[in-house]
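This report refers to the structure that appears directly beneath it.
Protein chains: 2
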Amino acid sequence: MDTKEITSTGNATVKETARLRRKRRRYESHRFLAEGEDLLAAALAGGHMPRQVFVLEGSVAGVVESLRDAAGGPDAPEPDVDVYICSEPVMEKLSELGSGSRVISVFDFIDRELGGEGTVAGGEAPDAGICAADSGPLVYLAGVGYPGNAGSIIRSATALGASGVAFSPDAADPYSFKAQRAAMGAVFRLPVHIDVTPAEIIAWAGTRGRAVVAGDPHEGKTLWDHGVEEKNLLAGDFVLLLGSERQGVPEELLRASQLRLTIPQAAEAESLNVAMAATVILYEALRQRQ
Amino acid sequence: MDTKEITSTGNATVKETARLRRKRRRYESHRFLAEGEDLLAAALAGGHMPRQVFVLEGSVAGVVESLRDAAGGPDAPEPDVDVYICSEPVMEKLSELGSGSRVISVFDFIDRELGGEGTVAGGEAPDAGICAADSGPLVYLAGVGYPGNAGSIIRSATALGASGVAFSPDAADPYSFKAQRAAMGAVFRLPVHIDVTPAEIIAWAGTRGRAVVAGDPHEGKTLWDHGVEEKNLLAGDFVLLLGSERQGVPEELLRASQLRLTIPQAAEAESLNVAMAATVILYEALRQRQ
Chain F
402 MDTKEITSTG
412 NATVKETARL
422 RRKRRRYESH
432 RFLAEGEDLL
442 AAALAGGHMP
452 RQVFVLEGSV
462 AGVVESLRDA
472 AGGPDAPEPD
482 VDVYICSEPV
492 MEKLSELGSG
502 SRVISVFDFI
512 DRELGGEGTV
522 AGGEAPDAGI
532 CAADSGPLVY
542 LAGVGYPGNA
552 GSIIRSATAL
562 GASGVAFSPD
572 AADPYSFKAQ
582 RAAMGAVFRL
592 PVHIDVTPAE
602 IIAWAGTRGR
612 AVVAGDPHEG
622 KTLWDHGVEE
632 KNLLAGDFVL
642 LLGSERQGVP
652 EELLRASQLR
662 LTIPQAAEAE
672 SLNVAMAATV
682 ILYEALRQRQ
Chain L
402 MDTKEITSTG
412 NATVKETARL
422 RRKRRRYESH
432 RFLAEGEDLL
442 AAALAGGHMP
452 RQVFVLEGSV
462 AGVVESLRDA
472 AGGPDAPEPD
482 VDVYICSEPV
492 MEKLSELGSG
502 SRVISVFDFI
512 DRELGGEGTV
522 AGGEAPDAGI
532 CAADSGPLVY
542 LAGVGYPGNA
552 GSIIRSATAL
562 GASGVAFSPD
572 AADPYSFKAQ
582 RAAMGAVFRL
592 PVHIDVTPAE
602 IIAWAGTRGR
612 AVVAGDPHEG
622 KTLWDHGVEE
632 KNLLAGDFVL
642 LLGSERQGVP
652 EELLRASQLR
662 LTIPQAAEAE
672 SLNVAMAATV
682 ILYEALRQRQ
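Keeping their order, the protein sequence lines are chains F and L. Sequence positions in the first sequence follow our numbering and run 402 to 691. Sequence positions in the second sequence follow our numbering and run 402 to 691.
Right, here's the structure in full:
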């Protein structure tokens, strides 16, 4: 664990790290930022050690202690983390919140290959603290573009017992600040899969014997009462397809679905936000499983 | 309907209107901004005529037509609206999005007294297009501070058949940009009540004979299986109390509740965002009603 002080916003490491606020740079370097003490705590609890931590002067002791604890306590080898003690202007340059952040951490990507649960996409073995749940619904977001919704869905999926959340190539980036913030650390606990094409998700469902269920705002069967046969679909492990609010689930995916589900609404013209719809369907699936 | 051109960001009307982005100014003037064509359309469909509309040059004809249509068509008296044809810099000065907005409208507050459904808080008679639903659950947000959550809850409540959403004095402002944006126009369709104290909501529930039900992340009864007696509570008209994620429902309100409900979760440490919790409970209530 190296500790260095940074007081200049022109510092090369700071400039390099600030570039991670852009998606392109994240995907070039396979690293992302997690802002705040809560996200660092969630990561450490999930067995993820950051590469670098930028800490506001005055908050260093607590952060160093939590890193040491996560690495196994005072008798274990020191974790391989660079800790930078930063002035307020440096923290502000790195922050997406703009002010008030005392801790900003840099992590390697933690998404996994869809085909091999338990395998991190980069090829390394998974960290011990992560539960790569093999049961429960898997959520597939086909083109859901708003990162706040993507993050909220990861959070709800974690709470309601999903096995993971997969993203189409045109969906929001779960590593973005807004997604991280809405997920509230759940991205460090639930397997996340990125760049999964519609063909891949259908093939995966086929090899796993999972039913494919699509959320459909208007023309599906009533969520709580969709017939005895289909009821078994939600009680088992299934893949839940969700599309963007404007375009819905793409036609090719709808055709591959065994069931389309609609959440009944009080008024025809109303609609639920896609994250709300995901949460309600996952709740109903949990209710039917139990 | 007066039409004027504004090309200077220093124009007095523009400066005065931009101040409505601050909560304090909104509550002094009892007016708020609704940004975008979708919100204007939702307002007109709900029977709400704006006081002023700022329109990007080039989009004026369509806006004027929709205002005339909403006022009753070409043979009806012109609506009492000031339309300002604005340059791009003027629109940017008014916009919270920062760029790309073609229409920004100013409305009088539309919240209602909790005691008298059908009465707008300002004292005027309600507009014809609004349905002041007297049945369905009423949601009470005790200190829910994040405006995006407040707006999402208004949207879900509208879709899932609630009779309204009430806000404690320390809750988020439903007239803020972020709340408006998340509500997607639902604030123009569902009765919203502001500045409702805990004592007032309990008294109101009492006079209406409504049960009081509190969301409780951990120690309540299981939402889908909370006993035969309580089941009738969700199937009837009730008041749903929700608190902030950090502090929950205040103790005095919990004591006044007949039932505390918990959404079962796959893992103890996980939790749902308050807007997700509201949506799931309203969904379950709709399911039990039907």
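The beta-carbon is built from N, C-alpha and C at its ideal position, and this holds for glycine as well. Just so it is clear, the structure is predicted and the values come from calculations on it, not from any experiment.
Taking C-beta atoms as the reference points, residue 582 (chain L) and residue 552 (chain L) count as a pair closer than 8 angstroms.
Counting only the Cα atoms, residue 605 (chain F) lies some 7 angstroms from residue 516 (chain F). Interface residue (Cβ-Cβ distance to chain F less than 8 angstroms): residue 493 (chain L) is not classified as such. Looking only at F:544, F:466, F:492, the smallest Cα-Cα distance to residue 480 (chain F) is reached by F:466. Counting only residues of its own chain and dropping the five nearest sequence neighbours on each side, residue 571 (chain L) has a CB closer than 7 angstroms to the CB of 544. At a cut-off of 8 angstroms between beta-carbon atoms, residue 406 (chain L) makes no contact with chain F.
A straight line joining the alpha-carbon of residue 431 (chain F) with that of residue 411 (chain F) spans about 23 angstroms. Taken in chain order, the complete beta strand (DSSP E) segments of 3 residues or longer contained in the segment 454-505 of chain L are 483-487. Take the alpha-carbon of residue 637 (chain L) and the one of residue 576 (chain F): they are about 43 angstroms apart. Counting of Cβ neighbours within 10 angstroms places residue 619 (chain F) among the exposed residues, the total staying below 16.
Assignment of residue 662 (chain F) by DSSP, reduced to helix, strand and coil, places it in the strand class. Residues of the segment 648-668 of chain L whose Cβ lies closer than 9 angstroms to any Cβ of chain F, in chain order: 664, 665, 666, 667, 668. Boundaries of the alpha helix (DSSP H) harbouring residue 428 (chain F): 424-430, taken from the DSSP string.
Apart from the 5 residues on each side of it in sequence, residue 547 (chain F) sits with its Cβ closer than 7 angstroms to the Cβ of 573 in its chain, given in chain order. Chain F has a Cβ within less than 8 angstroms of the Cβ of residue 681 (chain L). Relative to the Cα of residue 471 (chain F), the nearest Cα in the group F:486, F:488, F:482, F:446 belongs to F:446.
As the crow flies, the alpha-carbon of residue 456 (chain F) is around 45 angstroms from that of residue 613 (chain F). Closest by C-alpha distance to residue 672 (chain L), out of F:561, F:602, F:421, is F:561.
Interface annotation, residue 562 (chain L): in contact with chain F, CB-CB separation under 8 angstroms.
Note that the C-beta distance between residue 684 (chain F) and residue 407 (chain L) is not below 8 angstroms. DSSP lists no beta-bridge partner residue for residue 576 (chain F). What residue 674 (chain F) touches in chain L, judged by beta-carbon distance under 7 angstroms, is 553, 556, going in chain order. In the three-state reduction of the DSSP assignment, residue 511 (chain L) falls in the coil class, being assigned neither a helical nor a strand state. Nearest neighbour of residue 454 (chain L) by Cα position, chosen from L:443, L:643, L:473, L:485, turns out to be L:485.
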